[in-house]
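Converting from the sequence shown to our numbering requires adding 126 to each position, the first position being numbered 1. Even for Gly, the Cβ is constructed at its ideal location relative to N, Cα and C. Note that the coordinates shown come from a computational prediction; the quantities given were computed from them, not determined experimentally.
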Amino acid sequence: MIPSGHVDTFARDNLPPPELWPEFLFDLPELQFAPRLNCAVELLDRAVERGFSERECVLGEGVRWTYADLQAQANRIARVLVEDMGLVSGNRVLLRGANSPMLAACWFGVVKAGGIAVGTMPLLRARELTTIVHKAQVTHALCDARLVDEMQAAVPQCPTLRQLALFHDTSAGGLEARAASKSPRFDAVDTALDDVCLIAFTSGTTGQPKGTMHFHRDVMAACAGWPRHVLRAQASDRFIGSPPLAFTFGLGGLLLFPLAIGASTVLLEKATPDALLPAIARWRASVCFTAPTSYRAMAALIQQGAAHDLSSLRKCVSAGEALPAATRTLWRETTGIEMIDGIGSTELLHIFISATESQARGGATGVPVPGFKACLLDEQGREVPRGQVGRLAVKGPTGCRYLADERQTTYVRNGWNLTGDAYRVGDDGQFEFQARTDDMIITGGYNIAGPEVEAALMLHPAVAECAVIGAADEQRGMIVKAFVVPKPGQRGDDALVKALQDFVKQTIAPYKYPRAIEFRSELPRTETGKLQRFRLRER
Ligand code: 3UK
Numbered sequence: 127m128i129p130s131g132h133v134d135t136f137a138r139d140n141l142p143p144p145e146l147w148p149e150f151l152f153d154l155p156e157l158q159f160a161p162r163l164n165c166a167v168e169l170l171d172r173a174v175e176r177g178f179s180e181r182e183c184v185l186g187e188g189v190r191w192t193y194a195d196l197q198a199q200a201n202r203i204a205r206v207l208v209e210d211m212g213l214v215s216g217n218r219v220l221l222r223g224a225n226s227p228m229l230a231a232c233w234f235g236v237v238k239a240g241g242i243a244v245g246t247m248p249l250l251r252a253r254e255l256t257t258i259v260h261k262a263q264v265t266h267a268l269c270d271a272r273l274v275d276e277m278q279a280a281v282p283q284c285p286t287l288r289q290l291a292l293f294h295d296t297s298a299g300g301l302e303a304r305a306a307s308k309s310p311r312f313d314a315v316d317t318a319l320d321d322v323c324l325i326a327f328t329s330g331t332t333g334q335p336k337g338t339m340h341f342h343r344d345v346m347a348a349c350a351g352w353p354r355h356v357l358r359a360q361a362s363d364r365f366i367g368s369p370p371l372a373f374t375f376g377l378g379g380l381l382l383f384p385l386a387i388g389a390s391t392v393l394l395e396k397a398t399p400d401a402l403l404p405a406i407a408r409w410r411a412s413v414c415f416t417a418p419t420s421y422r423a424m425a426a427l428i429q430q431g432a433a434h435d436l437s438s439l440r441k442c443v444s445a446g447e448a449l450p451a452a453t454r455t456l457w458r459e460t461t462g463i464e465m466i467d468g469i470g471s472t473e474l475l476h477i478f479i480s481a482t483e484s485q486a487r488g489g490a491t492g493v494p495v496p497g498f499k500a501c502l503l504d505e506q507g508r509e510v511p512r513g514q515v516g517r518l519a520v521k522g523p524t525g526c527r528y529l530a531d532e533r534q535t536t537y538v539r540n541g542w543n544l545t546g547d548a549y550r551v552g553d554d555g556q557f558e559f560q561a562r563t564d565d566m567i568i569t570g571g572y573n574i575a576g577p578e579v580e581a582a583l584m585l586h587p588a589v590a591e592c593a594v595i596g597a598a599d600e601q602r603g604m605i606v607k608a609f610v611v612p613k614p615g616q617r618g619d620d621a622l623v624k625a626l627q628d629f630v631k632q633t634i635a636p637y638k639y640p641r642a643i644e645f646r647s648e649l650p651r652t653e654t655g656k657l658q659r660f661r662l663r664e665r
C-alpha cells in the first residue's frame with residue numbers, strides 16, 4: 127500500500143486482511159489513478175481550476191451555490207473541523223441531516239480535511255446512531271440542528287465522540303457562523319489513493335449494520351464507470367431525486383456524479399413522490415434518481431390529473447430494488463421516458479449492471495458496466511449454464527471491504543463479490559433479476575421468485591403495491607402468499623382475491639399464482655425504500 131496521508135490509522139487498522147478482499151480490476155484507461163489522490167480535490171478544486179467557478183453547482187431551498195461557493199464553504203468547514211474541533215486526518219466524522227446544500231458542503235469539508243465521512247439516515251434514532259459511532263469509532267459529528275435531539279440522546283453512550291457542531295442553526299455557535307469567520311482557502315490533506323474517505327453503513331434488513339469502507343480511488347472509479355458509460359449526462363444537466371446522501375445511491379447520483387461533469391444538483395429535504403414531482407417542474411431538472419415505487423407513485427399522480435411541467439426531464443434512473451416491467455412501461459407511457467435501471471450496492475459503492483435507454487428491456491437490469499465482470503454461480507461456486515438461475519458474482523474497480531466484520535467472507539468468496547441476488551442471463555445477454563437469494567420460494571418442488579409474481583400482480587389495474595413471500599403451509603411446506611395494497615377505491619374482498627389469482631394464472635405459469643392473498647394499507651419498507659419481505663415472513 128502507498129504511504130497513508132492519515133495521522134489516525136483506525137481505518138487501515140480495521141480493513142479486512144488483504145486475502146479476504148475481492149479481486150479488483152483496473153484495466154480501463156479511465157481507471158488509472160495517481161498514487162496521491164483526494165477525491166474532494168478532484169471533484170471540487172479541479173472543477174474550479176477548469177473554469178467552472180461561476181457555474182451553478184448545488185441548489186436547494188433558498189440556496190443557489192456556484193462551484194466557487196461550494197468550494198469556499200467546504201474549505202471553511204474544513205477549517206472549523208481542523209482549527210476549532212481538533213480533527214486530525216483519518217478521524218471519522220458522522221454526518222446527520224436531510225439532503226441539503228449544507229450537508230453536501232460538510233461532506234466535502236470532511237473529505238478535504240482528510241476525515242472519513244460517515245453518513246447516517248435522517249430517521250435513525252439514538253440507539254442506531256450509537257451503534258454506528260461505536261463501530262466506526264466516530265470522533266466528530268456535524269448534525270442538522272433540527273435533528274439534534276436523537277444525536278444529543280446518543281452522546282452520553284458515545285465516549286469516542288469528542289465534538290459536535292450543528293448546521294442550519296442560526297446562533298453564533300452554529301456551524302455557518304463559525305465557518306463565516308474562516309478563510310475560504312484550505313490546503314486539502316494529501317491522502318493516498320487507498321486511504322479510506324467514506325464509511326457507508328448498509329441499511330441492514332436484519333442484524334447489525336455493516337460498515338463498508340471506500341477509498342478516495344473508489345469514489346473516482348464510481349464517477350468514471352456507470353455515469354460516464356451508461357448515464358451519459360452532460361454539464362448542462364440538472365440532477366434531482368430522493369435517495370439520501372447517506373445512501374451511496376444518493377451520494378453518487380445527487381452529489382458526486384453531477385460534480386464530476388460540471389453539472390448542477392438540486393438537494394431536496396423532502397422528496398416523497400408528491401413532493402418530487404412538482405420539484406422536477408419547479409427546478410426544471412433533467413436527470414432524476416429515485417426508487418421504482420416512487421416512479422410508480424408519480425405515474426399514478428400524473429394519471430390522476432396532477433399537472434406538472436416535466437418537459438425539462440430527459441433521464442430517469444431507477445435503483446435500489448428490482449424495476450418491474452410494468453413500472454417501466456407505465457413510466458414510458460406516462461412521460462415518454464425510457465428509464466435507466468441499474469443494480470448497485472453499498473459494498474460496491476454504486477451501479478455495476480445497467481442498461482442505457484436504447485438497450486433497456488423490460489424485466490432485465492442490463493449488462494455489466496464497463497470495468498466490471500459479472501457471472502452466475504451455483505452453491506459450489508461453479509458457473510451455471512446460460513439461461514439458468516444462479517447467484518450473482520461481480521468484480522470490478524470497487525468492491526466489498528467491511529469494517530471489522532466477519533461477514534466479509536459471506537460477501538466475498540474467491541475474489542468475487544456475492545451480492546445475495548439470484549439472477550439469470552437472457553438470450554440477449556442481459557441480466558434478469560429473479561429475487562434476493564433468501565427470497566426464493568420453494569413450493570411443490572418448484573423454485574419461484576417472489577418478484578416475478580409481484581411483477582404479474584402489478585399489471586392488474588386494482589393493485590397499487592404488492593409483496594410476495596413464501597408462507598409456511600402444512601401440506602405443501604411453503605405456499606406463495608401475496609400482500610396487496612389495493613388502489614384507492616378498490617375493495618380488498620374475496621372477489622378481488624379470485625380476480626387477482628386468475629389474472630396471475632393467465633399472465634405467468636399458473637403454478638406460480640398466490641394461493642393466499644392478504645390486503646394491507648401499506649407495506650413495510652427500509653429507509654432506503656426497500657421492501658422488507660422478512661417482516662412479512664416473520665408473523
Ligand atoms: C438490490 C436491486 C434489482 C439488490 C444501491 C444503486 O441498493 C443499493 O444498495 P444496497 O446496499 O442494496 C443492494 C441490493 O439492493 N438492488 C439494488 N438495485 C437493484 N435489485 N434491481 C436493481 N436495479 O438486492 C442489491 O444486492 O442498499 C443501488 C446504487 C448504490 C446503491 N448502494
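query, result
"Three-pair Cβ contact test at 8 Å for the segment 412-422 versus the segment 440-454", "yes"
"Residue closest to SER368, alpha-carbon to alpha-carbon, out of SER297, ILE128, PRO404 and ALA348", "PRO404"
"C-alpha gap between GLU505 and THR535, whole angstroms", "15 Å"
"Chain-order list of residues whose beta-carbon lies under 8 Å from that of GLU447 (same chain, five-residue window excluded)", "ALA417, PRO418, THR419, GLY655, LYS656 and LEU657"
"VAL356 beta carbon less than 8 Å from that of GLY468", "yes"
"Three-state class that DSSP yields for GLU175 in the structure shown", "helix"
"Any non-hydrogen atom of the ligand 3UK closer than 7 Å to HIS476 Cβ", "yes"
"PRO636 at chain D interface by Cβ criterion, 8 Å", "Although the question refers to chain D, the structure presented lacks it and comprises just one protein chain."
"Cα-Cα separation, ASP321 to GLY488", "40 Å"
"Neighbourhood of MET604 by C-beta distance below 8 Å, restricted to the same chain and skipping five residues each side", "ILE567, ILE568, THR569, GLY596, ALA597 and ALA598"
"Near the ligand 3UK: GLU447 beta-carbon under 7 Å from a heavy atom", "yes"
"Residue range of the unbroken beta strand (DSSP E) whose run includes TYR549", "542-551"
"Beta-carbon proximity of ILE325 to VAL236, cut-off 8 Å", "no"
"Simplified DSSP assignment, three categories, for ARG517", "strand"
"Rounded C-alpha distance that separates GLU653 from SER329", "7 Å"
"Range of the contiguous alpha helix (DSSP H) that encloses SER420", "418-429"
"Spatial distance of VAL623 from ALA608 (CA atoms)", "10 Å"
"Distance, GLN560 Cα to TRP147 Cα", "27 Å"
"The ligand 3UK heavy atom lying under 7 Å from the CB of SER368", "no"
"CA-to-CA distance, ALA160 to GLY387, given in whole angstroms", "The residue asked about is misnamed: residue 387 is Ile in this sequence, not Gly. Roughly 19 Å between the two C-alpha positions."
"Local conformation of MET228 per DSSP, three classes", "helix"
"In chain order, each beta strand (DSSP E) run of at least 3 residues that lies wholly inside the segment 564-616", "566-569, 572-575, 589-599 and 603-612"
"Any non-hydrogen atom of the ligand 3UK closer than 7 Å to SER437 Cβ", "no"
"Nearest-angstrom Cβ-Cβ length linking ALA486 and PHE557, presumed shorter than 8 Å", "Between PHE557 and ALA486 the Cβ distance is about 13 Å, and since that is not below 8 Å, they are no contact."
"SER471 Cβ short of 7 Å to the ligand 3UK heavy atom set", "yes"
"Cβ contact (3+ pairs, closer than 8 Å) linking the segment 280-292 and the segment 206-221", "yes"
"Close-in-space but distant-in-sequence residues of the same chain around GLN263 (CB under 8 Å, 5 per side omitted)", "PHE136, ARG218 and THR286"
"Residue(s) in a DSSP beta bridge with LYS336", "Looking at the DSSP assignment, LYS336 forms no beta bridge with any residue, so it has no partner."
"Close-in-space but distant-in-sequence residues of the same chain around MET127 (CB under 6 Å, 5 per side omitted)", "ASP320"
"Exposed unless 16 or more other CB atoms sit within 10 angstroms - verdict on GLU168", "buried"
"Counted within 10 angstroms of its Cβ, other Cβ atoms place THR472 as buried (16 or more) or exposed", "buried"
"Assigned secondary structure, ILE258 (DSSP; H/G/I helix, E/B strand, else coil)", "helix"
"Per-residue burial, ASN573 [other beta carbons within 10 Å of its own, 16 or more giving buried]", "exposed"
"Beta bridge counterpart(s) of ASP467 as assigned by DSSP", "SER444"
"Pick from GLY571, THR374, PRO310 and VAL510 that is closest to GLN601, judged by C-alpha positions", "GLY571"
"LYS441 and SER480 closer than 8 Å at C-beta", "no"
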